[in-house]
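*Asks:* The structure is given below, and queries will be raised subsequently.
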Amino acid sequence: MATDGSAHEGQIAVVTGAAQGLGLGIAQYLAQGGAQVVMVDLQDEKVTAAAAEVVAAGGQARGVCADVTCSEQVKGLFRGVAQQDGKIDVLVNNAGLGQDVAAITELSDEHWQQVIDVTLTGTFFCCRSAGRWMRRQESGAIVNISSINGVNPAALVAAYNVAKAGVISLTRTLALELAAYGVRVNAVCPGPVYTDFNQRVMAQRCESLGIEEEEMIERVRQAIPLGRWGEPADIASAVGFLCSRSASWMTGEVIRVSGGLEGVSAAPPKQTLSEADL
Ligand SMILES: NC(=O)c1ccc[n+]([C@@H]2O[C@H](COP(=O)([O-])OP(=O)(O)OC[C@H]3O[C@@H](n4cnc5c(N)ncnc54)[C@H](O)[C@@H]3O)[C@@H](O)[C@H]2O)c1
-2 MATDGSAHEG QIAVVTGAAQ GLGLGIAQYL AQGGAQVVMV DLQDEKVTAA AAEVVAAGGQ
58 ARGVCADVTC SEQVKGLFRG VAQQDGKIDV LVNNAGLGQD VAAITELSDE HWQQVIDVTL
118 TGTFFCCRSA GRWMRRQESG AIVNISSING VNPAALVAAY NVAKAGVISL TRTLALELAA
178 YGVRVNAVCP GPVYTDFNQR VMAQRCESLG IEEEEMIERV RQAIPLGRWG EPADIASAVG
238 FLCSRSASWM TGEVIRVSGG LEGVSAAPPK QTLSEADL
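Position 277 (the sequence shown) corresponds to 274 in the working numbering; numbering is contiguous.
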C-alpha cells in the first residue's frame, strides 16, 4: 500500500525485526512516506539485503544487526542513531518471538523465558533507550507491536499471550510517563498475517489437530469477519498513521488491526495423561 509520499518526510525511524514479515512491510511503508529508516534485526545479512531493497526502490534505509534482548547492544544502537542522525523521531518495536504450541502444563522454563525475553523485555529495552533520547529532544512517537493475543489469549501459547499483554501495559505506562515531554506511545494489535512466524504456528496447530495446513488457513480466513488474512501493508498503514502528525493527539491507544477478529477462544480437547506427565 502506498503512502501519500510525504507523511514521514524528514523522520528518522527505527524499526526492529525489520529483515522480513511485518517489520519489513513497516520499514518499506515509512520509507515510501519519506522517512530515513534504520532497519534492525538479528539476521545480519538478511537485514542488510532488505535495506538495500528499500534503497533500490527509492527510499532511505540502512540495516543494523542487533539483538533486542541485549541491554548493552540496545543502548549502543540508539546512541549510534542519535549521534549519526542527530535525533530519533520514530521507534517501532516489532521484533517478537512466537511460542511453540504447548499447554502451560508442558511449557519448559527455557522456552517461557526465551519468548518473554524477546517479545516483552526486548520491547522494554528499546522503549527505555529510545525514550531517554525522545524525552531529551521533547518529541517522538513509539509504536509497539502487540497482538490480538495480548487482549484475548489463545490456548497453547501462554508465554506469547503474557508477553503481548505486557507490551500493552508497557505502552500505556510509558505513554503516561512521556506525555509531559510530547512523546507519544501507542500499540497496534495485529490479527493473522501469513508471515514465517505465523506459518510456523499454523504448522504446529495443524499437527496437533491432525488437519492439513490448507484447511487451517481456510478455517482462520472464515473466522475473520472481513473474510481474508491480513497483509503486512494492512499493519504498516496503521503503524504509519500512529507515527505521523495526523495522530498528534493520540497516546496510550491500543489499536486492533485484524479484519475484525477479536481473538481465538477454542479450548483444546482433553488428552490422556500418564504418571510420567506429573
Ligand atoms: N504474523 C502475524 O500474524 C502476527 C500477528 C500478531 C502479532 N504479530 C507480531 O508482529 C511482529 C512481527 O511478526 P512477523 O510475523 O513479521 O514475525 P517474523 O518471525 O516473520 O519476523 C520477526 C523478525 O524479528 C527478528 N528478531 C527476532 N528476535 C530478535 C531479536 N532478539 N533481536 C532483533 N531482531 C529479532 C527476526 O530475525 C525476524 O526478522 C512480532 O512481534 C509478532 O509477534 C504477528
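Even for Gly, the Cβ is constructed at its ideal location relative to N, Cα and C.
In this text, all values refer to a predicted model and were calculated from it rather than measured experimentally.
Is the beta carbon of V71 closer than 8 Å to that of A92?
*Replies:* Here residue 92 corresponds to residue number 95 of the sequence shown, with the count starting at 1. Here residue 71 corresponds to residue number 74 of the sequence shown, with the count starting at 1. Their beta carbons are not under 8 Å apart, which means A92 does not touch V71 by this criterion.
*Asks:* How far does the beta strand (DSSP E) with D38 in it reach, from first residue to last?
*Replies:* Taking the sequence shown and counting its residues from 1, the one referred to as residue 38 is at position 41. Where D38 is concerned, the enclosing beta strand (DSSP E) stretches over Q33 to D38.
*Asks:* Under the assumption that V78 contacts V35 (Cβ atoms under 8 Å), give the Cβ distance between them as a whole number of angstroms.
*Replies:* In the sequence shown, counting from the first residue as 1, residue 78 sits at position 81. In the sequence shown, counting from the first residue as 1, residue 35 sits at position 38. Rounded, the Cβ-Cβ distance is 6 Å, consistent with contact.
*Asks:* For ligand 1, is there any heavy atom lying closer than 7 Å to the beta carbon of V115?
*Replies:* Against the sequence shown, residue 115 aligns to sequence position 118. Yes, the beta carbon of V115 sits closer than 7 Å to at least one heavy atom of ligand 1.
*Asks:* Return the chain-ordered list of same chain residues with a C-beta closer than 8 Å to the C-beta of A220, the five sequence neighbours on each side being excluded.
*Replies:* Walking along the sequence shown from the start, residue 220 turns up at place 223. Here the set comprises L258 and V261.
*Asks:* Going by other Cβ atoms of all chains shown within 10 Å of its Cβ, with 16 needed for buried, is P189 buried or exposed?
*Replies:* For this step, residue 189 is matched to residue 192 along the sequence shown. Buried.
*Asks:* Write down the C-beta distance between H5 and G22 rounded to the nearest angstrom, noting that I regard them as a contact closer than 8 Å.
*Replies:* Numbered from its first residue, the sequence shown carries residue 5 at position 8. Numbered from its first residue, the sequence shown carries residue 22 at position 25. Their Cβ separation, rounded to whole angstroms, is 14 Å, which puts H5 and G22 out of contact at 8 Å.
*Asks:* For a test of the three-state rule: what should DSSP assign to Q57, helix, strand or coil?
*Replies:* Reading the sequence shown from its first residue, position 60 is the one you call residue 57. Strand.
*Asks:* Quick one: using the 10 Å Cβ neighbour count with 16 as the cut-off for buried, is D274 buried or exposed?
*Replies:* By 1-based counting over the sequence shown, the position of residue 274 is 277. Exposed, since its Cβ has fewer than 16 Cβ neighbours within 10 Å.
*Asks:* G137 lies in the beta strand (DSSP E); which residues open and close that run?
*Replies:* Your numbering for residue 137 matches position 140 in the sequence shown. Start and end: G137 to I142.
*Asks:* Tell me, which residues are paired with N183 by DSSP?
*Replies:* Indexing the sequence shown from 1 puts residue 183 at position 186. V140, per the DSSP bridge assignment.
*Asks:* Compare the C-alpha of E174 against each of E204, Q81 and G249 and name the closest.
*Replies:* Indexing the sequence shown from 1 puts residue 174 at position 177. For E174, the nearest C-alpha among the options comes from G249.
*Asks:* Roughly how many angstroms separate the alpha carbons of N195 and R216, rounded to a whole number?
*Replies:* By 1-based counting over the sequence shown, the position of residue 195 is 198. By 1-based counting over the sequence shown, the position of residue 216 is 219. Computed Cα separation, rounded: 14 Å.
*Asks:* Quick check: the segment 240 to 255 against the segment 42 to 50, are there 3 or more CB pairs under 8 Å?
*Replies:* At 8 Å Cβ cutoff, the stretches do not touch.
*Asks:* Might you give, ordered along the chain, the residues of its own chain that have their beta carbon closer than 7 Å to the beta carbon of L94, omitting 5 neighbours on each side?
*Replies:* Reading the sequence shown from its first residue, position 97 is the one you call residue 94. Taken in chain order, the residues that qualify are Q111, V112, V115 and T116.
*Asks:* List, from N- to C-terminal side, the alpha helix (DSSP H) runs of 4 residues or more that fit wholly inside the segment 220 to 244.
*Replies:* Whole alpha helix (DSSP H) segments, 4+ residues: 229 to 240.
*Asks:* Just verifying my parser: in three-state terms, what is the DSSP assignment at V11?
*Replies:* As a working note, residue 11 is residue 14 in the sequence shown. If DSSP states are grouped into helix, strand and coil, V11 belongs with the strands.
*Asks:* Is Q201 near D106, with beta carbons less than 8 Å apart?
*Replies:* As a first step, residue 201 must be located in the sequence shown, where it is residue number 204. As a first step, residue 106 must be located in the sequence shown, where it is residue number 109. For Q201 and D106, no; Cβs fall outside 8 Å.
*Asks:* Decide if R181 is buried, meaning its Cβ has at least 16 other Cβ atoms within 10 Å, or exposed.
*Replies:* Position 184 of the sequence shown, counted from the first residue, corresponds to residue 181. It counts as buried.
*Asks:* Enumerated in chain order, which unbroken segments of the alpha helix (DSSP H) with a length of 4 residues or greater are wholly contained in the segment 58 to 115?
*Replies:* Runs found: 68 to 82 and 106 to 113.
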